Amino acid sequence: MTSEEVKTMQTNYVLQSWSKQKGLNPIAIKRAEGIYMWDFDDKKYSDMSAQLVNLNVGHGNRYIIDAIKEQAEQYCYISPSYGSEPRAELAKMLIERLPDNMGKVFFTNGGADANENAIKMARMYTGRDKIFSRYRSYHGSTFGAGNLTGEPRRYPLEPGIPGFVKFFDPYIYREKIPFESEEAAAEYYVDKLREQICYEGAANVAAIVLETVTGSNGIIIPPKGYLKGIRNICDEFGIMLICDEVMAGFGRTGKMFAFENWDIKPDMVTFAKGVTCGYVQLGGVAVSKEIAAYFEDNTLLCGLTYSGHPLACAAGVACLKFYDDTNILEKVNQVGKVLGEKLNELKEKHDCVGDVRYIGLFSAIELVKSKSTKEPLVPYGSDTAGIMKGIIGRLAKKGFMTYSHENMILIAPPLIITAEQLVEELIKVDEVLTEVDAEI
704 MTSEEVKTMQ
714 TNYVLQSWSK
724 QKGLNPIAIK
734 RAEGIYMWDF
744 DDKKYSDMSA
754 QLVNLNVGHG
764 NRYIIDAIKE
774 QAEQYCYISP
784 SYGSEPRAEL
794 AKMLIERLPD
804 NMGKVFFTNG
814 GADANENAIK
824 MARMYTGRDK
834 IFSRYRSYHG
844 STFGAGNLTG
854 EPRRYPLEPG
864 IPGFVKFFDP
874 YIYREKIPFE
884 SEEAAAEYYV
894 DKLREQICYE
904 GAANVAAIVL
914 ETVTGSNGII
924 IPPKGYLKGI
934 RNICDEFGIM
944 LICDEVMAGF
954 GRTGKMFAFE
964 NWDIKPDMVT
974 FAKGVTCGYV
984 QLGGVAVSKE
994 IAAYFEDNTL
1004 LCGLTYSGHP
1014 LACAAGVACL
1024 KFYDDTNILE
1034 KVNQVGKVLG
1044 EKLNELKEKH
1054 DCVGDVRYIG
1064 LFSAIELVKS
1074 KSTKEPLVPY
1084 GSDTAGIMKG
1094 IIGRLAKKGF
1104 MTYSHENMIL
1114 IAPPLIITAE
1124 QLVEELIKVD
1134 EVLTEVDAEI
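Residue 704 is where the sequence shown starts when you use the numbering used here, and the numbers rise one by one after that.
Pasting the structure below:
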């Protein structure tokens, strides 16, 4: 096909997510390699969001491609009830990389149904029904995961499922309280959460679900002491702590799992994205040894046709081996330091940059009309979101591909990016932000 044929056929027959369908004009991609993609006119684009923050190893990774081919020659699919070498091997590899309190893995198709099954397990295990999650969060758009989600993408699911309770996460940049330190902020937010749990009836709460680092809603990084404080609340009241590592896991923050940055042990960990980097879709829930033991004598009422799909698990095994063989964590921390330095330079230089937040290769630039008032460039819930689309469009014209949410530009490139490539791409961001400065 030609580029126009691909675009016309896609817009005629495909419903594109999170979009008004009228006027869509997708870039047709012909090939991709490493951190780059090329359209049908051979224009090169840098993939600076790792697609949907999932393509950690970049395009064209031979470890994963060859593993999929090899598994396809043996068998492409076998029911979850049969023994499967890649399924068994991947589960073992995951448990070995998780904290020592983890016991078993339940595989899913992706992140949303990982969260769906995690809350089902928490309810079965505890015998309780209430689930706490945060407003500035995205956990998926299926019914259960959508009820976990706190931002506007949950609205079509409302009225929602009874028992889902929301609380605010520590968004210190926009908090009006002048905290003396991160620890003071953490104490404040943890105390407010504990009070809310008591008013909901702690004995009714099955789980607290949170993105370890808030992802699409602005890369909001927990202050020191916050996650340990939540862990303490869970221990006090017998509540399960579920860390959603769908976006932040598998090296994105410089640790294999983001919660390792704060030295806590969750009761459950949900994952997807970086486990196979999108080469084949896969997700899962890792559960503690205690939860795994409970289901030795109690039926696990969870099931999916494609749970632990052999092709996906073969891709996962290869992906984890790639992380190990290439010392990906060391690389992320080295290049992530450069990312942080460059983002701080952009913050100092540009009037439109209110804040930058980063950890590893996971970052966001928050755009404002005024540094002093912190008035967002795009007001929350405003119809002027086209402003951000315009900024993302300007970046795309320069070959810098990413996406925005509210008034934030996400920068989360494949973990294989070099420091030199990163610096080259951030020049394009600098140029666009200079244009925005002149317009505010």
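Glycine included, each C-beta is placed from N, C-alpha and C at the ideal position. All values derive from a computational prediction rather than experimental measurement.
Q: Note the first and the last residue of the continuous beta strand (DSSP E) segment covering Leu-944.
A: Per DSSP, the unbroken beta strand (DSSP E) holding Leu-944 starts and ends at 943–947.
Q: Mind listing, in chain order, the continuous beta strand (DSSP E) runs of no fewer than 3 residues lying wholly within the segment 1017–1098?
A: Whole beta strand (DSSP E) segments, 3+ residues: 1056–1062 and 1065–1070.
Q. How about Val-916 and Met-950: are their beta carbons less than 9 Å apart?
A. Using a Cβ distance threshold of 9 Å, Val-916 and Met-950 count as a contacting pair.
Q. Given Leu-860, which residues of its chain have a CB within under 7 Å of its CB, disregarding the five upstream and five downstream residues?
A. Once the five neighbours on either side are set aside, the close Cβ partners of Leu-860 are Phe-846, Gly-849 and Asn-850.
**Q.** Cα-Cα separation, Lys-1074 to Leu-1129
**A.** Going from the Cα of Lys-1074 to the Cα of Leu-1129 covers about 21 Å.
Q: Would you mind reading off the limits of the beta strand (DSSP E) that contains Leu-1113?
A: From DSSP, the beta strand (DSSP E) with Leu-1113 extends over 1111–1114.
**Q.** Beta-ladder partner(s) of Ile-732, from DSSP
**A.** For Ile-732, the pairing in a beta bridge is given by DSSP as Asp-742.
Q: Would you mind sorting Gln-774 into buried or exposed? The rule is 16 or more other CB atoms within 10 Å of its CB.
A: That one is buried.
Q: List the whole-angstrom C-beta distance separating Gly-987 from Val-756, where the pair is believed to meet the contact cut-off of C-beta under 8 Å.
A: 17 Å between Cβ atoms; not a contact.
Q.
Less than 7 Å between C-beta atoms, sequence neighbours within five positions excluded: which residues of the same chain meet that for Tyr-874?
A. Correct list, in chain order: Arg-839 and Ile-923.
Q: Would you mind sorting Tyr-858 into buried or exposed? The rule is 16 or more other CB atoms within 10 Å of its CB.
A: Under this definition Tyr-858 is an exposed residue.
Q) Any heavy atom of the ligand NAD closer than 8 Å to the Cβ of Pro-1116? A) This structure does not include the ligand NAD; it has no bound ligands of any sort.
Q. Are the beta-carbon atoms belonging to Ile-994 and Ile-822 less than 9 Å from one another?
A. Taking C-beta atoms as the reference points, Ile-994 and Ile-822 fail to come closer than 9 Å.
Q) Based on Cα-Cα distance, which residue from Thr-1121, Glu-792 and Ile-1095 lies nearest to Glu-1109? A) Comparing Cα-Cα distances from Glu-1109 to each of Thr-1121, Glu-792 and Ile-1095, the minimum goes to Ile-1095.
**Q.** Beta-carbon proximity check, Leu-985 vs Met-827, cutoff 9 Å
**A.** Taking a C-beta distance under 9 Å as the contact criterion, Leu-985 and Met-827 do not qualify as a contact pair.
Q) So does the segment 1014–1022 actually touch the segment 785–798, counting three or more Cβ pairs closer than 8 Å? A) Taking 8 Å as the limit for Cβ pairs, the verdict is that the segment 785–798 does touch the segment 1014–1022.
Q: Tell me whether Asp-832 sits in a helix, a strand or coil according to DSSP, three-state version.
A: If DSSP states are grouped into helix, strand and coil, Asp-832 belongs with coil.
Q.
Which complete alpha helix (DSSP H) runs does the segment 934–987 hold, if anything under 4 residues is left out?
A. Counting only runs of at least 4 residues, the segment 934–987 fully encloses no alpha helix (DSSP H) element at all.
(Q) Which residue wins for smallest C-alpha separation from Ile-933, given the options Met-959, Glu-890 and Asn-964? (A) Residue Glu-890 holds the alpha-carbon nearest to the alpha-carbon of Ile-933 among Met-959, Glu-890 and Asn-964.
Q) Does DSSP put Glu-883 in a helix, a strand or coil? A) Residue state, collapsed to three classes: coil.
Q. How many angstroms separate the CA atom of Ile-900 from the CA atom of Asp-832?
A. In this structure, the alpha-carbon of Ile-900 lies about 13 Å from that of Asp-832.
Q) Gln-724 to Gln-754, Cα distance in whole Å? A) Near 20 Å, if we compare the C-alpha coordinates of Gln-754 and Gln-724.
Q: Keeping to the same chain, check which residues put their C-beta closer than 8 Å to that of Glu-886; ignore five residues upstream and five downstream.
A: Excluding residues within five positions, the ones whose Cβ falls inside 8 Å are Pro-926, Lys-927 and Gly-928.
Q: Please specify which runs of the beta strand (DSSP E), each continuous and at least 3 residues long, are wholly inside the segment 753–820, giving them in chain order.
A: Listed in chain order, the complete beta strand (DSSP E) runs (minimum 3 residues) inside the segment 753–820 are 805–811.
Q | Supposed contact pair Leu-758 and Ala-989 - C-beta distance, whole angstroms, cut 8 Å | A | The pair is not a contact, with the Cβ atoms about 22 Å apart (cut-off 8 Å).
Q: Return the CA-CA distance between Leu-801 and Arg-955, expressed in angstroms with no decimal places.
A: In this model, Leu-801 and Arg-955 are separated by some 15 Å (Cα to Cα).
Q) Got a sec? Which residues, its chain only, sit under 8 Å from Pro-862 by beta carbon, not counting five neighbours each side? A) Excluding sequence neighbours, Pro-862 sits near nothing in its chain.
Q) Per DSSP, Ile-923 forms a beta bridge with which residues? A) Residue pairing by DSSP places Ile-923 opposite Thr-917 in a beta bridge.
Q) Rounded to the nearest angstrom, how far is the Cβ of Val-1059 from that of Lys-1050, given a contact under 8 Å? A) Yes, Val-1059 and Lys-1050 are in contact; Cβ-Cβ is about 5 Å, under 8 Å.
Q. For Tyr-739, which residues of its own chain have a beta-carbon under 8 Å away from its beta-carbon, when the five flanking residues on both sides are left out?
A. The residues are Lys-747, Tyr-748, Ser-749, Asp-750 and His-762.
Q) Are the Cβ atoms of Gly-1039 and Gly-921 separated by less than 9 Å? A) Cβ distance not < 9 Å, so Gly-1039 and Gly-921 don't count as in contact.
Q | 6 Å Cβ shell around Ala-735 - same chain, five flanking residues per side excluded | A | Contacts found: His-762.
(Q) Between which two residues does the beta strand (DSSP E) holding Ser-706 run? (A) Where Ser-706 is concerned, there is no enclosing beta strand (DSSP E), although the alpha helix (DSSP H) it sits in stretches over 706–716.
Q) Thinking C-beta only, is Val-760 closer than 9 Å to Ile-1119? A) Yes, they are a contact pair.
(Q) Can you tell me whether Ser-752 is buried or exposed? The criterion is at least 16 other CB atoms within 10 Å of its CB, across all chains shown. (A) By the 16-neighbour rule on beta-carbons within 10 angstroms, Ser-752 is buried.
Q.
Once the 5 residues before and after Pro-783 are set aside, which same chain residues still bring their CB inside 7 Å of it?
A. Ser-1010 and Gly-1011.
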